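FYI, in full-length UniProt numbering the residues of the sequence shown are 1 to 542.
Virtual Cβ for every residue (Gly too), placed ideally from N, Cα, C.
Predicted model only: the values in this text are computed from it and were never measured.
First the structure, in the form of structure tokens, and then the observations on it.
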Amino acid sequence: MPSGSGSRRRRPRRAGPRLTVVLVSSSSSDEEGGEEEEEEEEESEGPRRRGGGGGEARVSATEGKAVVSGGEAEGPNLPSCPICMLAWTADGAHRVSCIPCGHVYGRYCLERWLLQCGKKKAPQVLLLREKNESLEKQQAKLLEEIKEHKRQIMLHQNVIYESTSKKQKMTELTSDGTPDAEPIASLTEDIDHRNLCSFVLQNEFLVDGARVMGIDASSQVILTSGRGPGVGAEHILTKISMFARQGMQKIDLPPDTKAIRDICILPRGHAVFASLGRKLSLFSMATNNVVLQYNLPAPGWSCSGDHTSSTHLYTGLQNGMLLVFDIRQTSAPLHCMMGLSTHPVHTIRSAVDGSGSRKVFSASSIGPCIWDVDGGEDRPNLLSGMENQGVCISLACAPPSSDLLVASYRPKVELPDDSATPQAITPQSPAPTGSGKLGHHTLLRRAATTSFAKDQTCSGNVSDLRMSKSAIIPCGGNQHLFAYGDESLYGVRTWRLPSFQTYTDLRPHRQPILDLRFAESSTGERYLGCLSAEKLQVFTVR
């Protein structure tokens, strides 16, 4: 059929497949005009398999050409190999190949690259891995710097707060007409006009998830425990050096330990802790390992060592029992003693009476009890005069003789009367503020070997949920202070004993105090630590 000027002559099409050959030159980008694609149609007598042996693809690193056959192709619309930038084929030497990391290459280029480099991962993967490791290190470094900056900010805020408190105190003394008020020697000391005792803030640590603590005054180390970071994480121990800025060490606990309820520091570099996983564990401070673990019949809530024997341990259980252990006997406890109730024993303190006999003071919600662990009594005695005082939530003892005790109470929850009309909250009624309840602290003095007399009582804001911790701090001249985490302050308040006159308030936290411990070393160093969900404070007591 004739065609017009400039048109190409075409043969009539016949039935059957056609073969398209695409020639691509890698050097075409450097030539001005480039090379044109040529199409050639050939006749085929019989049917062929799709992608059969009639076509072959080759990649030459020297020639830079690819010959693609064995099917109909559209040239520029086909995806290309990221190594040679040439189109893939369905089969043959340059067929599509995927390696385990997920990247896709032409088979021929992939084999050449593996032979030359000897690596089984794509270069993109190796680069991303190195970049990711570098970013992780940089992130960890930045997080440490942020933590240190936050600590410095808190220390500066403490100085400002205490400086303001001292200035206000000096102003009050001046307005009262007190002549020649003594200047404040240090901005980080809380001292009253009698110099009974002072608290010097030594350090603050940012903590996350810690709930309980113990202080080793001799080695200047603090143990805290709480749930580790992450969803479903196990509970861990954190070992903190009191005076080191970055002295935190995370320690994993044995499986099934669960939440630690109490930590007690023992002599000779050991600690004991009771946990809800029904375990009483002896921990080595030197090796950071649990060296001995007892199985308990119920979850453990409290624990203590013995002032007269380094081998005896005591633990209070959730069902009200008291167990006595000797670490030289690892199979079973020495004594299992039933309590006066089935309420958890949340506090245990060992003591020695005037006759040298070992005693154990405990507290559950019914009140403080005394146990005779050396005698034949199997049950404790509730201290006289402490019946129906409310819910006992804390017990503080003055070691080692424990001649002074302070029991803390919150009101009992009265069940509503069905016949009574519910009282609506009016605008004049104070709405709950989350600052706890108004409870009271009661001082008990030893009257005889095993009896105590009720003394002074003072009011205080106590937790309406938690079993709190408290401490009695000995001062000079046979004087004592009582320390408690006040719920309205979110900080530690101290009172004089026996008058319960308010002594001083330490630097508050932004969240309630969860634990409070006083510890004294064999050389006389004394420390007070207080823990909230956000931070840990350490004070030197002078």
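Spatially closest choice to residue i from the options, by CA coordinates
i: R211; options: N203, F518 and M467; result: M467
i: D326; options: L280, L506 and I83; result: L280
i: S80; options: K454, G106, C101 and C98; result: G106
i: T224; options: P254, L201 and I265; result: I265
i: I472; options: L143, A453 and R349; result: R349
i: D374; options: L86, R268 and S355; result: S355
i: T287; options: P297, P368, Q293 and G269; result: G269
i: A87; options: S310, Q511, C109 and S163; result: C109
i: P498; options: L443, V290 and H235; result: L443
i: T523; options: A453, P368, M386 and Q220; result: Q220
i: Q479; options: R507, R510, A398 and R446; result: A398
i: S364; options: A351, A407, S331 and D353; result: A407
i: Q389; options: L404, E136, P411 and D372; result: P411
i: T347; options: K469, E111, E133 and V207; result: K469
i: R446; options: E387, D353 and L395; result: D353
i: Q249; options: T257, I240 and P255; result: I240
i: S488; options: R496, F482, E130 and Q511; result: Q511
i: Q157; options: A93, E133 and L201; result: L201
i: M285; options: E133, G214, S134 and E520; result: G214
i: D372; options: M386, G385, E387 and A351; result: A351
i: Q537; options: V96, L404, I222 and A298; result: I222
i: L438; options: A298, I393 and P297; result: I393
i: E525; options: N132, V96, F199 and R95; result: F199
Exposure of residue i, with buried meaning 16 or more beta-carbon neighbours within 10 Å
i: F500; result: buried
i: K150; result: exposed
i: L114; result: exposed
i: F243; result: exposed
i: D515; result: buried
i: L334; result: exposed
i: P400; result: exposed
i: D262; result: buried
i: Q318; result: buried
i: T164; result: exposed
i: C336; result: exposed
i: D252; result: exposed
i: L142; result: exposed
i: D409; result: In the sequence on display, residue 409 carries Tyr and not Asp. Result: buried.
i: L395; result: buried
i: P267; result: exposed
i: Q138; result: exposed
i: C475; result: buried
i: A277; result: The sequence as given places Gly at residue 277; Ala does not occur at that position. When all chains shown are included, G277 counts as buried.
i: A483; result: buried
i: A448; result: exposed
i: A271; result: buried
i: V291; result: exposed
beta-carbon residue i near the ligand ATP non-hydrogen atom, thresh 6 Å
i: P299; result: With respect to the ligand ATP, the structure shown offers nothing to examine, as it has no ligands at all.
Counterpart residues of residue i in DSSP-defined beta bridges
i: E204; result: Q537
i: T238; result: T224 and K250
i: T315; result: C303 and L323
i: M337; result: L322
i: H440; result: Y409 and S459
i: D262; result: A274
i: R496; result: L481
i: I160; result: Per DSSP, none; premise fails for I160.
i: Q293; result: S281
i: S97; result: Y105
i: E520; result: R526
Residues near residue i by beta carbon distance below 7 Å, same chain, minus five either side
i: S357; result: D374
i: I370; result: K359, F361, P380, N381, L383 and T450
i: E74; result: Summary for E74: the model assigns pLDDT 44, below 50, so the residue's position carries little reliability, and this model does not support an answer.
i: G477; result: none
i: C98; result: V104
i: H193; result: Caution applies to H193, whose pLDDT of 40 falls short of 50 and renders its modelled position unreliable; the value that the coordinates give is listed next. Counting only Cβ-Cβ distances below 7 Å, and skipping sequence neighbours, we find nothing.
i: T311; result: D326, I327 and R328
i: V391; result: S365, Y409, R410 and K412
Proximal residues to residue i (C-beta, below 6 Å), its chain only, five neighbours per side dropped
i: F518; result: A471, I473 and L528
i: T315; result: A274, L280, G300, C303 and L323
i: D378; result: M337
i: S463; result: G436 and E487
i: S521; result: A217 and S218
Cβ neighbours of residue i in the same chain (closer than 8 Å, five flanking residues each side left out)
i: A233; result: R227
i: T457; result: H440, H441, T442, L443 and F500
i: K535; result: M154, E204, F205, L206, V207 and H509
i: Q491; result: It should be noted that the sequence gives Gly, not Gln, for residue 491. Within the same chain, G491 has close Cβ partners G485, D505, L506, R507, P508, H509, I513 and C530.
i: G320; result: M338, G339, L340, S341, T342, H343, P344, V345 and S364
i: Q293; result: P254, K279, L280, S281 and L282
**Prompt:** Can you list, in chain order, the stretches of the alpha helix (DSSP H) that have 4 or more residues and sit fully within the segment 340-390?
**Reply:** none
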